[in-house]
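Asks: Protein chains in written order, with my numbering: chain A, 3 to 313; chain B, 3 to 313.
The beta carbon of each residue, even a glycine, is placed where N, CA and C say it ideally should be.
Everything numeric in this text was worked out from a predicted model, so none of it was measured.
Protein chains: 2
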Amino acid sequence: MKYAAGIDVGGTSVKLGLVSIEGEISEIWEIPTRTEDGGKQILPDIAEAVKRKIEEKGLEKDLIGAGIGLPGPVDDDGVIRKAVNLHWERTFNVADELSELLGGMKVKAGNDANVAALGEYWQGAGKNYGDMVMVTLGTGIGGGIIHHGKIFAGTTGAGGEIGHICLNPNEKIHCNCGNAGCFEQYASATGIVRLTREELEASSDESELRKTEVTAKALWDAVKNGDKLAIRVAERFGYYLGWGLSVIAGVVNPEVFVLGGGVSKAGDVMLPYVRKYFDEHAFHACRDAQIVIATLGNSAGTLGAAKMVID
Amino acid sequence: MKYAAGIDVGGTSVKLGLVSIEGEISEIWEIPTRTEDGGKQILPDIAEAVKRKIEEKGLEKDLIGAGIGLPGPVDDDGVIRKAVNLHWERTFNVADELSELLGGMKVKAGNDANVAALGEYWQGAGKNYGDMVMVTLGTGIGGGIIHHGKIFAGTTGAGGEIGHICLNPNEKIHCNCGNAGCFEQYASATGIVRLTREELEASSDESELRKTEVTAKALWDAVKNGDKLAIRVAERFGYYLGWGLSVIAGVVNPEVFVLGGGVSKAGDVMLPYVRKYFDEHAFHACRDAQIVIATLGNSAGTLGAAKMVID
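(1) When you compare the CB positions of glycine 140 (chain B) and glycine 299 (chain B), do they come within less than 9 Å of one another, or not?
(2) Which residues, in order along the stretch 238 to 272 of chain B, keep a beta-carbon less than 8 Å from a beta-carbon of chain A?
(3) Answer with yes or no whether the minimum CB distance from proline 34 (chain B) to chain A is below 9 Å.
(4) What residue from B:Lys226, B:Phe280 and B:Ser209 has the CA that sits closest to tyrosine 242 (chain B)'s CA?
(5) Enumerated in chain order, which unbroken segments of the alpha helix (DSSP H) with a length of 4 residues or greater are wholly contained in the stretch 193 to 242 of chain A?
(6) Leaving out five residues before and five after leucine 20 (chain A) in sequence, what residues of the same chain have Cβ atoms less than 6 Å from its Cβ?
(7) Tell me, please, whether the CB atom of isoleucine 148 (chain B) is closer than 9 Å to any CB atom in chain A?
(8) In chain order, what residues of the stretch 152 to 170 of chain A put their CB closer than 9 Å to some CB of chain B?
(9) Look at proline 171 (chain A) and glutamate 282 (chain B) and say whether their C-beta atoms are less than 9 Å apart.
(10) Tell me alanine 191 (chain B)'s beta-bridge partners as DSSP assigns them.
(11) So the alpha helix (DSSP H) aspartate 39 (chain B) belongs to, where does it begin and stop?
(12) Could you run through the stretch 110 to 125 of chain A and flag, in chain order, every residue whose CB is less than 8 Å away from some CB of chain B?
(13) Output needed for lysine 278 (chain B): all residues of its chain with C-beta closer than 7 Å, excluding positions within five of it in sequence on either side, in chain order.
(14) Take alanine 204 (chain B) as the anchor and find which of B:Thr192, B:Gly306 and B:Val235 has the nearest alpha-carbon.
(15) What does proline 75 (chain B) touch in chain A if you count any residue whose Cβ is under 7 Å from its own?
(16) Just checking, does the stretch 216 to 234 of chain B make contact with the stretch 259 to 273 of chain B on the three C-beta pairs under 8 Å criterion?
(17) Between B:His176, B:Thr192, B:Leu169 and B:Gln187, which has its C-alpha nearest phenylalanine 185 (chain A)'s C-alpha?
(18) Under the three-state reduction of DSSP, which class applies to histidine 176 (chain B): helix, strand or coil?
(19) Leucine 1 (chain A) lies in the alpha helix (DSSP H); which residues open and close that run?
(20) Taking only beta-carbon positions, decide if glycine 142 (chain B) is within less than 9 Å of chain A.
(21) So, do the stretch 246 to 259 of chain A and the stretch 145 to 160 of chain B have three or more beta carbon pairs nearer to each other than 8 Å?
(22) Three-state secondary structure (DSSP) at threonine 138 (chain A)?
(23) My assumption, with CB atoms under 8 Å, is that methionine 3 (chain B) sits in contact with glycine 67 (chain B). Please give the rounded CB distance.
(24) Is valine 86 (chain A) helix, strand or coil when you go by DSSP?
(25) Can you list, in chain order, the residues of its chain whose CB lies under 8 Å from that of valine 16 (chain A), leaving out five sequence neighbours each side?
(26) Please state if the CB of glutamate 163 (chain B) and the CB of glycine 306 (chain B) are separated by a distance shorter than 9 Å.
(27) Would you please verify whether the beta carbon of asparagine 181 (chain B) is less than 9 Å from any beta carbon of chain A?
(28) Name, please, each residue of chain A whose Cβ falls closer than 8 Å to the Cβ of histidine 176 (chain B).
(29) Please go through the same chain and pick out, in chain order, the residues whose beta-carbon is closer than 8 Å to the beta-carbon of isoleucine 56 (chain A), but skip the five residues on each side of it.
(30) Closest by CA to serine 316 (chain A), which one among A:Val225, A:Leu197, A:Thr304 and A:Arg196?
(31) Residues of chain A with CB closer than 8 Å to the CB of glycine 318 (chain B), please, in chain order.
(32) Going by the beta-carbon positions, is the gap between isoleucine 147 (chain A) and aspartate 133 (chain A) smaller than 9 Å?
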């Protein structure tokens with residue numbers, strides 16, 4: 003069996019996996035991300051870890067390459083411009099550099115959200131579809147576009163970075179990115195907390211949300227229990243997420259949206275609220291897009307990274 | 003020299019061109035579009051016209067194929083779902099059907115806005131750029147995405163159909179598409195007329211626009227003359243167009259936007275108004291996109307159609 007290494011680099015640890023070319027993860031392990039000194043040890047540490055595994059498993063002839071997902075914009079050639087979480091400030095070709103450290107092995111690099119999208123496309127919720135947009139609903143909103151089975155990286159590696167689409171130019175509160183009115187200010191976990199607080203302040207209705215810490219999970223639990231105030235928040239969240247997805251559909255006309263990240267754990271409770279507003283605002287020619295929940299969780303990054311070097 | 007036929011199908015006439023593989027149009031001619039009987043004569047008429055030209059010019063060995071641009075959504079395989087202007091109601095593969103009528107010649111089909119985008123990318127304003135989005139500002143807004151040198155058609159051929167992105171879910175006036183708040187309700191020629199009328203009604207300021215028919219051209223002429231009310235309209239138009247482009251940039255992160263269509267004739271007078279609001283609303287990683295004016299006019303469709311079959 004042939005394998006590829008799937009590497010998922012985070013700010014505190016690097017997750018490495020051995021993935022068969024048929025899409026099975028046979029081993030997964032972690033090393034710390036050493037961000038000191040401008041993160042200059044990160045790639046050598048990764049190369050060392052891969053080489054040891056090759057030796058340990060006798061994979062000299064069976065490892066066809068390594069794919070690496072990174073928390074920053076990566077273009078088609080593997081050039082990263084900046085990765086704040088890794089303390090990388092320079093613009094350089096990650097794929098070339100890691101390839102050199104691995105003795106010329108085939109290496110591809112991608113943005114972590116794009117790589118996770120590729121994983122879901124290959125082995126997860128996007129498996130039986132054509133063009134796909136993955137939307138990761140966490141603290142913020144990340145995203146990745148898969149077109150003709152490949153990552154759509156965009157000119158500066160910001161393709162599918164949909165969290166900062168401006169939905170509301172009149173917003174007064176600023177987003178972390180410096181702009182205001184960004185998609186992720188409304189339709190992320192942070193957005194849910196904000197919309198819930200606004201609703202709690204605006205009304206004096208009873209709600210189980212008054213008796214608990216306000217989180218995305220608490221909101222969807224309350225919706226499940228039929229809590230009326232929670233349902234109003236769900237409508238507003240669905241409005242923003244559905245509208246935002248309709249805008250994306252109007253640009254790239256995907257066959258499916260795959261929703262991942264913490265908020266997506268709400269699953270079937272959430273989908274009707276999103277679908278309703280998507281249908282209301284999507285152009286008719288793009289309205290057939292499916293909206294489904296991601297299935298791979300954290301494995302998406304490992305699988306997608308490996309898939310980059312598997313034809 | 004090798005040639006390709008570039009065919010641009012409109013509701014009243016079909017424009018045909020002979021295009022060298024280096025991008026020179028050596029001949030261009032028209033035939034009527036016969037829309038009667040569900041438009042069933044349209045493709046046979048085109049095939050006949052191409053065959054006659056081959057014979058007339060002795061191009062039996064030198065015509066490498068034919069590309070055809072159509073007023074309707076066309077997917078990657080050449081399947082069109084509907085083309086109201088051509089009275090086509092059925093879903094069928096235009097490329098295959100025309101190829102058969104041409105004795106098995108290589109034929110590719112695309113949506114006309116996408117095909118024009120490919121023309122501008124190949125020989126026009128997008129020539130020295132990577133990924134490109136063309137935005138055609140006419141009565142409505144059309145668009146086309148060029149990714150890695152090829153048309154991004156989308157799942158149902160509606161990729162780049164950006165005119166119906168919803169920018170304003172609170173809009174009360176409906177768009178022709180049935181939705182409300184579409185991009186083209188604000189940033190097209192029709193949008194300019196509407197914004198101008200609103201501004202004329204909302205204020206009693208003197209303006210040369212009170213003495214003339216309100217058109218996009220009249221607006222930009224007045225802006226050139228320093229007309230204050232016209233400048234306020236230009237700001238509102240720039241706000242919608244710049245904001246809309248920033249949203250598109252946040253999805254596909256192009257290197258350049260090429261603005262075409264009637265409104266783009268305003269050229270350099272218009273660009274600063276668009277740029278200002280694009281810069282204000284675009285995510286920083288996508289903000290370097292250039293915004294330029296199309297250069298090919300009506301030839302874009304002929305060139306782009308031919309380019310589809312030229313590698």
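Replies: This is what the structure gives:
(1) No, they are not a contact pair.
(2) Flagged, chain order: Tyr241, Trp245, Ser248, Val249, Ile250, Gly252, Val253, Val254, Asn255, Pro256 and Glu257.
(3) Closer than 9 Å: no.
(4) When C-alpha distances from tyrosine 242 (chain B) are compared across B:Lys226, B:Phe280 and B:Ser209, the shortest belongs to B:Phe280.
(5) Within the stretch 193 to 242 of chain A, the complete alpha helix (DSSP H) runs of at least 4 residues are 218 to 226.
(6) Cβ neighbours of leucine 20 (chain A) beyond the five flanking positions: Tyr5, Ser28 and Glu29.
(7) Chain A contact via Cβ: absent.
(8) Listed by position, the residues of the stretch 152 to 170 of chain A near chain B (Cβ gap below 9 Å) are Phe154, Ala155, Gly156, Thr157, Thr158, Gly159, Ala160, Gly161, Gly162, Glu163, Ile164, Gly165, His166, Ile167, Cys168 and Leu169.
(9) Cβ distance < 9 Å, so proline 171 (chain A) and glutamate 282 (chain B) count as in contact.
(10) Beta-bridge pairing links alanine 191 (chain B) to no other residue.
(11) Aspartate 39 (chain B) -> alpha helix (DSSP H) spans 38 to 41.
(12) Cβ contacts with chain B come from no residue of the stretch 110 to 125 of chain A.
(13) Cβ neighbours of lysine 278 (chain B) beyond the five flanking positions: Gly240 and Gly244.
(14) Distance from the Cα of alanine 204 (chain B) is smallest, within the candidate group B:Thr192, B:Gly306 and B:Val235, for B:Val235.
(15) Result: Ala287.
(16) Counting Cβ pairs under 8 Å, three or more are found: they touch.
(17) For the set B:His176, B:Thr192, B:Leu169 and B:Gln187, the Cα lying nearest the Cα of phenylalanine 185 (chain A) is the one of B:Leu169.
(18) Assigned with DSSP and collapsed to three states, histidine 176 (chain B) falls in strand.
(19) For residue 1 (chain A) there is no data in the structure shown, the boundaries of chain A being 3 and 313.
(20) Interface annotation, glycine 142 (chain B): not in contact with chain A, CB-CB separation never under 9 Å.
(21) Short answer: they touch.
(22) In the structure shown, threonine 138 (chain A) sits in a strand (DSSP, three-state: E or B).
(23) About 15 Å separates the CB atoms of methionine 3 (chain B) and glycine 67 (chain B); that is not less than 8 Å, and the two are not in contact.
(24) Valine 86 (chain A): helix per DSSP, three-state reduction.
(25) Excluding positions up to five away in sequence, the list reads Ile9, Asp10, Glu32, Ile33, Pro34, Thr35, Ile44, Asp47, Ile48 and Ala51.
(26) Cβ atoms of glycine 306 (chain B) and glutamate 163 (chain B): not closer than 9 Å.
(27) Yes, contact with chain A.
(28) In chain order: nothing, as chain A lies at least about 13 Å away.
(29) Residues of the same chain with a CB within less than 8 Å of the CB of isoleucine 56 (chain A), apart from the 5 flanking positions on each side, are Glu62 and Leu65 in chain order.
(30) Because residue 316 (chain A) is not part of the residues shown, which for chain A are 3 to 313, the question remains open.
(31) Since the first residue shown for chain B is 3 and the last is 313, residue 318 (chain B) is missing from the structure and cannot be characterised.
(32) Contact flag set, yes.
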